[in-house]
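**Q** Protein chains in written order, with the working numbering: chain B, 989 to 1166; chain Z, 989 to 1166. We treat Cβ as the ideally placed atom computed from N, Cα and C, and that holds for glycine.
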DNA sequence: GTCTATATGACGATAGAC
DNA sequence: GTCTATCGTCATATAGAC
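#1: Would the C-beta of residue 1101 of chain B count as close to the ligand ADP, meaning under 7 Å from any of its heavy atoms?
#2: Since residue 1146 of chain B meets chain Z, which of its residues come closer than 8 Å, beta carbon to beta carbon?
#3: Here's a check: name, in chain order, each residue in its chain whose Cβ is nearer than 8 Å to the Cβ of residue 1086 of chain B, leaving out the five neighbours to either side.
#4: Between the C-alpha atoms of residue 1043 of chain B and residue 1093 of chain B, what's the straight-line distance to the nearest angstrom?
#5: Comparing C-alpha positions only, which one of B:1017, B:1084, B:1011 and B:1036 sits nearest to residue 998 of chain B?
#6: Is the beta carbon of residue 1124 of chain Z closer than 8 Å to that of residue 1159 of chain Z?
#7: DSSP on residue 1111 of chain B, reduced to helix/strand/coil?
#8: Any beta carbon from chain Z within less than 8 Å of residue 1040 of chain B's own beta carbon?
#9: From residue 1105 of chain B to residue 1063 of chain B, what distance separates their C-alpha atoms?
#10: Pull up the distance between the alpha-carbon of residue 1001 of chain B and that of residue 1015 of chain B, whole angstroms please.
#11: Would you say residue 1104 of chain B faces chain Z, with C-beta separation under 8 Å as the test?
#12: Could you check the C-alpha separation between residue 993 of chain B and residue 1156 of chain B for me, to the nearest Å?
#13: Between the C-alpha atoms of residue 1122 of chain B and residue 1098 of chain Z, what's the straight-line distance to the nearest angstrom?
#14: Is it the case that the Cβ atoms of residue 1089 of chain B and residue 1131 of chain Z are separated by a distance below 8 Å?
#15: Please list, in chain order, the chain Z residues whose beta carbon lies closer than 8 Å to that of residue 1055 of chain B.
#16: Measuring only the C-alpha atoms, how far is residue 1057 of chain Z from residue 1020 of chain B?
#17: When Cβ atoms are compared, which residues of the stretch 1152-1166 of chain B fall closer than 8 Å to chain Z?
#18: Can you check whether the CB of residue 1068 of chain B is closer than 8 Å to the CB of residue 1118 of chain B?
#19: Alpha carbon to alpha carbon, how far is residue 1012 of chain B from residue 1018 of chain B?
#20: Give the secondary structure of residue 1158 of chain B by DSSP, where H, G and I count as helix, E and B as strand, and everything else as coil.
#21: Which two residues bound the contiguous alpha helix (DSSP H) that contains residue 1027 of chain Z?
#22: Any C-beta of chain B sitting closer than 8 Å to the C-beta of residue 1082 of chain Z?
#23: Give the secondary structure of residue 1043 of chain B by DSSP, where H, G and I count as helix, E and B as strand, and everything else as coil.
#24: Can you grab the Cα-Cα spacing for the pair residue 1153 of chain Z / residue 1072 of chain Z, in whole Å?
#25: Please classify residue 991 of chain B: is it buried, with 16 or more other beta-carbons within 10 angstroms of its beta-carbon, or exposed?
#26: Can you give the Cα-Cα distance for residue 1103 of chain Z and residue 1003 of chain B, rounded to whole angstroms?
#27: Taking 8 Å as the threshold (C-beta atoms), are residue 1136 of chain B and residue 1079 of chain B in contact?
#28: For chain Z, find out if any of its Cβ atoms is closer than 8 Å to the Cβ of residue 1094 of chain B; answer yes or no.
#29: Could you check what DSSP says for residue 1035 of chain B in three-state terms: helix, strand or coil?
#30: Give the DSSP-derived three-state secondary structure of residue 1116 of chain Z in the structure shown.
#31: If you reduce the DSSP assignment to three classes, tell me which class residue 1133 of chain Z lands in.
#32: Do you know how far the Cα of residue 996 of chain B is from the Cα of residue 989 of chain B?
#33: Residue 1060 of chain B: which of B:1083, B:1041 and B:1139 sits nearest, CA to CA?
#34: Are the beta-carbon atoms belonging to residue 1141 of chain Z and residue 1095 of chain B less than 8 Å from one another?
#35: Thinking residue 1108 of chain B and residue 1146 of chain Z are a contact (beta carbons under 8 Å), I'd like their distance in whole angstroms, please.
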């Protein structure tokens, strides 16, 4: 159910994130969050004074998680593009879960939307450095977005799955300037 | 505001769709729909007995719109892939608006989700016929999904935009049998 | 720091007047 | 066929006991 660590704050934040991911937003009421975190609504609202404050805290957590991720992506052995796109296939790292949760918030919250936009801009720059081709970098981002969309909206993988490294390799060979 | 055609049913359905597209779901309450359609909630509920009925009617409308669309896509002069992916860039035909609206419903409604899945399966088959390669067909679908995701979630175009015709040309050159 | 109890408001839906 | 009025439910948020 809930993990009772040293502080309830993290439990509440994690419960909120899990419910956003699982229900895509509809089931993440403060009552449900409190229940899963093992506190009451009153307890929750002591730690986070309002729903807005709770949402802001989740956005902050996402931004913290992205900092080391950008570094991993930039230095990935197979290249940033493969790393980035293949990650979108599984969507189950702590960063992925935070990204999905904030993506749900972004549908209604400006701060969440800004956070997502900044994260994406940074991703594009790293992909462009890796692939040396803004067109292919943009295509790689769109493919990852499409996988993300499929996973979050459709809720199950579409067959056939795309072989991303093979596809990227083929597209590199078809580069106009070669 | 509202168009008062011969029947209020269409006005209500259109108002519902517009609000789903504009607010991504949060502002599409029956009160708001009724207000935009120029009727009261009581009037709305005479035509559509419940919210579920209203949602089902919108899904039916989408399915009606897809029938001629598949035919246009299959017989498009530049090929089905160009037609499909370029359409995702603008997202402003009646079918696009219906698709976005039902996509919002699909987050919480099983029937809407099934409708979207069936539509996508058909799209994939047509793309595969055009591009002659399931990998490229899947990639084209993901790119269009990514554009759709950007347009609906981020809400504004990402720079730089992908040069779709040029990229599709590269994809065709990357075909195996060439 | 966490609880119970309650105020307040939005939403979906029903009943009945016109 | 469309309206007003109202009810039940569930959500956020507040007040105050422990």
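**A** Short version:
#1: The ligand ADP is not part of this structure, which contains no ligands at all.
#2: 1108, 1112, 1126 and 1129
#3: 1005, 1046, 1049, 1050 and 1053
#4: Answer to the nearest angstrom: the Cα atoms are 8 Å apart.
#5: For the residues B:1017, B:1084, B:1011 and B:1036, the minimum Cα distance to residue 998 of chain B belongs to B:1036.
#6: yes
#7: helix
#8: So, not an interface residue.
#9: Cα to Cα, residue 1105 of chain B sits roughly 22 Å from residue 1063 of chain B.
#10: One C-alpha to the other measures close to 15 Å.
#11: yes
#12: Any reading at residue 993 of chain B must be qualified, since the residue scores a pLDDT of 49, below 50, and its modelled position is unreliable; the value itself is stated next. Distance between the alpha carbons of residue 993 of chain B and residue 1156 of chain B is about 43 Å.
#13: So the two alpha carbons sit approximately 38 Å from each other.
#14: no
#15: In chain order: nothing, as chain Z lies at least about 21 Å away.
#16: Our two residues, residue 1057 of chain Z and residue 1020 of chain B, have alpha carbons roughly 42 Å apart in a direct line.
#17: 1154, 1155, 1158, 1159, 1161, 1162, 1163 and 1164
#18: In terms of Cβ geometry, residue 1118 of chain B and residue 1068 of chain B form a close pair [threshold 8 Å].
#19: Cα atoms of residue 1012 of chain B and residue 1018 of chain B: separation of roughly 15 Å, rounded to the nearest angstrom.
#20: helix
#21: Counting along the chain, residue 1027 of chain Z falls outside any alpha helix (DSSP H), and DSSP gives it neither H nor E.
#22: At least 8 Å separates the CB of residue 1082 of chain Z from every CB of chain B.
#23: helix
#24: 11 Å
#25: Confidence at residue 991 of chain B is low in this model, with a pLDDT of 45, below 50, so the placement of that residue should be treated as unreliable; the coordinate-derived value is given next. Result: exposed.
#26: 31 Å
#27: Judged by their CB atoms, residue 1079 of chain B and residue 1136 of chain B are nearer to each other than the 8 Å cut-off.
#28: At least one chain Z Cβ lies under 8 Å of residue 1094 of chain B.
#29: helix
#30: helix
#31: helix
#32: The predicted model places residue 989 of chain B with a pLDDT of 44, which falls under 50 and marks its position as unreliable; any figure quoted below should be read in that light. One C-alpha to the other measures close to 13 Å.
#33: B:1083
#34: Cβ distance < 8 Å, so residue 1141 of chain Z and residue 1095 of chain B count as in contact.
#35: 7 Å
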